[in-house]
Amino acid sequence: MYRLSFFILIISLLSGCAIQQAENAYKSGNYQETVSIIADYLDKKGTLPNESDSESMFSMVNNIVIRYENKIATASDGDYGTKISAYDNLLSMRKRLNNRFYDNHIRFLTGKYSIEQLNKNIAEQYYLKGKSIKPSGKDSHLAIAKAFSSGAEYYDYQDIKQLRDSHYKKYATLNADDFYQRGLAAVKTQDYASAATAFFSAEEAYRQYGSYKNSSSLAVKYDKQDKKTVIRSTL
Numbered sequence: 009m010y011r012l013s014f015f016i017l018i019i020s021l022l023s024g025c026a027i028q029q030a031e032n033a034y035k036s037g038n039y040q041e042t043v044s045i046i047a048d049y050l051d052k053k054g055t056l057p058n059e060s061d062s063e064s065m066f067s068m069v070n071n072i073v074i075r076y077e078n079k080i081a082t083a084s085d086g087d088y089g090t091k092i093s094a095y096d097n098l099l100s101m102r103k104r105l106n107n108r109f110y111d112n113h114i115r116f117l118t119g120k121y122s123i124e125q126l127n128k129n130i131a132e133q134y135y136l137k138g139k140s141i142k143p144s145g146k147d148s149h150l151a152i153a154k155a156f157s158s159g160a161e162y163y164d165y166q167d168i169k170q171l172r173d174s175h176y177k178k179y180a181t182l183n184a185d186d187f188y189q190r191g192l193a194a195v196k197t198q199d200y201a202s203a204a205t206a207f208f209s210a211e212e213a214y215r216q217y218g219s220y221k222n223s224s225s226l227a228v229k230y231d232k233q234d235k236k237t238v239i240r241s242t243l
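Numbers in the working numbering are just positions in the sequence shown, counted from 1, shifted up by 8.
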């Protein structure tokens, strides 16, 4: 009898400790930590605590979901960062609480969002972000490509991969051409060392797609020319 009472006391203390830790994390704004503390406790226990403690735990999880949902709902159309962050946090929660024995107590999350849907939502926001960037130079093409690339890591949304590849290639083309033009300008001033470096850089910038114009041969040509010039200057 005493052993049973002692065991019940220990369980109650552990439950109270877990709730206190979760509440502290929640009040500090560490919402993912809050979820982890609750999930770790329930996973180890294997059963639900008493009704009051269960309600406290699941209430915190529900409030966290509502917070993220409110961030999404109140974000402006172009505030992709806020929406991506909120969806990503919901995704982390959804994965952490997937297929748990207490699933019927967290249907406000698991019944509302599937892991696939959250991945798709995040990809869609990255897609819209990429579409919103006006292509005005090589850096903008790189930013667009990175947005599509980030989205594609979550979900193959519409033509996100094709657009990612297209803008990466456009960036590589413009970047290589910048180096190429620098090389041509250096040749005009007979700065063969800089010319060779620029043409080598143009070749490297476009390497994934092949050779850029005749940058490879020009790099070799002006590297040799530079060495000849150095030799002459030492004679």
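Virtual Cβ for every residue (Gly too), placed ideally from N, Cα, C.
Open item on the list: Spatial neighbours of TYR217 within its chain, please: C-beta separation below 7 Å, excluding the five flanking residues on both sides.
Closed with: Numbered from its first residue, the sequence shown carries residue 217 at position 209. Excluding its 5 nearest sequence neighbours in each direction, TYR217 has C-beta neighbours in its own chain below 7 Å: LYS177, ALA180, listed in chain order.
- [ ] Whole angstroms is fine: what's the gap from SER174's alpha carbon to SER84's?
- [x] For this step, residue 174 is matched to residue 166 along the sequence shown. For this step, residue 84 is matched to residue 76 along the sequence shown. It is roughly 28 Å from the alpha-carbon of SER174 to the alpha-carbon of SER84.
Task: C-alpha distance - LEU126 paired with ARG115, whole-angstrom precision - done: Working through the sequence shown from its first residue, we reach residue 126 at position 118. Working through the sequence shown from its first residue, we reach residue 115 at position 107. Taking the CA atoms as reference points, LEU126 sits about 15 Å from ARG115.
Task: Nearest residue (CA-CA) to LEU171, options LYS139, LEU99, THR82, PHE208 - done: Counted from its first residue, the sequence shown places residue 171 at position 163. Checked all of LYS139, LEU99, THR82, PHE208; the closest Cα to LEU171 is LYS139.
TODO: Please classify SER225: does DSSP put it in a helix, a strand, or coil?
DONE: By one-based count along the sequence shown, residue 225 stands at place 217. In the three-state DSSP reduction, SER225 falls in the helix class (H, G or I).
Task: Identity of the residue in LYS120, ASP186, ASP164 nearest LYS146 by Cα - done: As a position in the sequence shown, residue 146 is number 138, starting the count at 1. The shortest Cα separation from LYS146 among LYS120, ASP186, ASP164 belongs to ASP186.
Open item on the list: Counting C-beta neighbours from all protein chains within 10 Å, is the total for THR197 16 or more, i.e. buried, or is it exposed?
Closed with: To locate residue 197, count along the sequence shown from 1; it is residue 189. Its Cβ having fewer than 16 others within 10 Å, THR197 is exposed.
Task: Residue of ASP48, ILE123, ASN58, GLN166 minimising C-alpha distance to ASN97 - done: Counting from one through the sequence shown, the residue named residue 97 turns up at place 89. Nearest of ASP48, ILE123, ASN58, GLN166 to ASN97, Cα basis: ILE123.
- [ ] Assign PRO57 to one of two classes, buried (16 or more other C-beta atoms within 10 Å of its C-beta) or exposed (fewer than that).
- [x] Along the sequence shown, one-based indexing puts residue 57 at 49. With a threshold of 16 other beta carbon atoms within 10 Å, PRO57 meets it and is buried.
Open item on the list: Within a Cβ cutoff of 6 Å, which residues of the same chain sit near ASP231, ignoring the five residues on either side of it in sequence?
Closed with: The residue given as residue 231 occupies position 223 in the sequence shown. Here the set comprises ALA204.
TODO: Let me know the alpha helix (DSSP H) ranges lying completely inside the region 128-189, each 4 residues or longer, listed in chain order.
DONE: Here the runs fully enclosed are 146-160.
TODO: Assuming TYR135 contacts TYR165 (C-beta within less than 8 Å), just tell me the rounded distance between them.
DONE: Here residue 135 corresponds to residue number 127 of the sequence shown, with the count starting at 1. Here residue 165 corresponds to residue number 157 of the sequence shown, with the count starting at 1. That pair is a contact at about 5 Å.
Open item on the list: I'd like to check one pair, ARG104 with ALA33: are the Cβ atoms closer than 7 Å?
Closed with: On the sequence shown, residue 33 is found 25 positions in, with the first residue counted as 1. On the sequence shown, residue 104 is found 96 positions in, with the first residue counted as 1. Against a cut-off of 7 Å, the Cβ pair of ARG104 and ALA33 comes out as no contact.
TODO: Determine, using beta carbons only, whether ARG102 and TYR76 come nearer to each other than 7 Å.
DONE: What you label residue 102 is simply residue 94 of the sequence shown in a count that begins at 1. What you label residue 76 is simply residue 68 of the sequence shown in a count that begins at 1. Not in contact: ARG102 and TYR76 (Cβ atoms no closer than 7 Å).
Task: Any alpha helix (DSSP H) of 4 or more consecutive residues that is wholly inside the region 33-68 - done: If only uninterrupted alpha helix (DSSP H) runs of at least 4 residues are considered, those enclosed by the region 33-68 are 39-53.
- [ ] Pick out whichever of SER202, HIS113, MET68 has its Cα sitting closest to the Cα of SER36.
- [x] Within the sequence shown, residue 36 is the residue found at index 28, counting from 1. Considering only alpha carbons, the answer is MET68.
Task: Short Cβ contact (7 Å threshold) for SER100 with GLN40 - done: For the purposes of this step, residue 100 is taken as residue 92 along the sequence shown, with counting starting at 1. For the purposes of this step, residue 40 is taken as residue 32 along the sequence shown, with counting starting at 1. A Cβ-Cβ contact shorter than 7 Å links SER100 with GLN40.
Open item on the list: If I follow the unbroken alpha helix (DSSP H) through SER84, where does it start and stop?
Closed with: Looking up residue 84 in the sequence shown gives position 76. The continuous stretches of alpha helix (DSSP H) do not include SER84, and DSSP gives it neither H nor E.
TODO: Look at the Cβ atom of ALA26, then the Cβ atom of THR42, and state whether they are nearer than 7 Å.
DONE: Residue mapping note: residue 26 aligns to position 18 of the sequence shown, counting from 1. Residue mapping note: residue 42 aligns to position 34 of the sequence shown, counting from 1. Not closer than 7 Å, so no.
Open item on the list: Quick check: the Cα distance between TYR214 and LYS221, rounded to an integer number of angstroms?
Closed with: Here residue 214 refers to the residue found at position 206 of the sequence shown. Here residue 221 refers to the residue found at position 213 of the sequence shown. Cα to Cα, the separation comes out at about 10 Å.
Task: ILE152 versus GLY54 - alpha carbon distance - done: Your numbering for residue 152 matches position 144 in the sequence shown. Your numbering for residue 54 matches position 46 in the sequence shown. Distance from the CA atom of ILE152 to the CA atom of GLY54, rounded to whole angstroms, is 46 Å.
Open item on the list: Going by DSSP in three states, ARG215 sits in which element: helix, strand or coil?
Closed with: For the purposes of this step, residue 215 is taken as the residue at position 207 of the sequence shown. If DSSP states are grouped into helix, strand and coil, ARG215 belongs with the helices.
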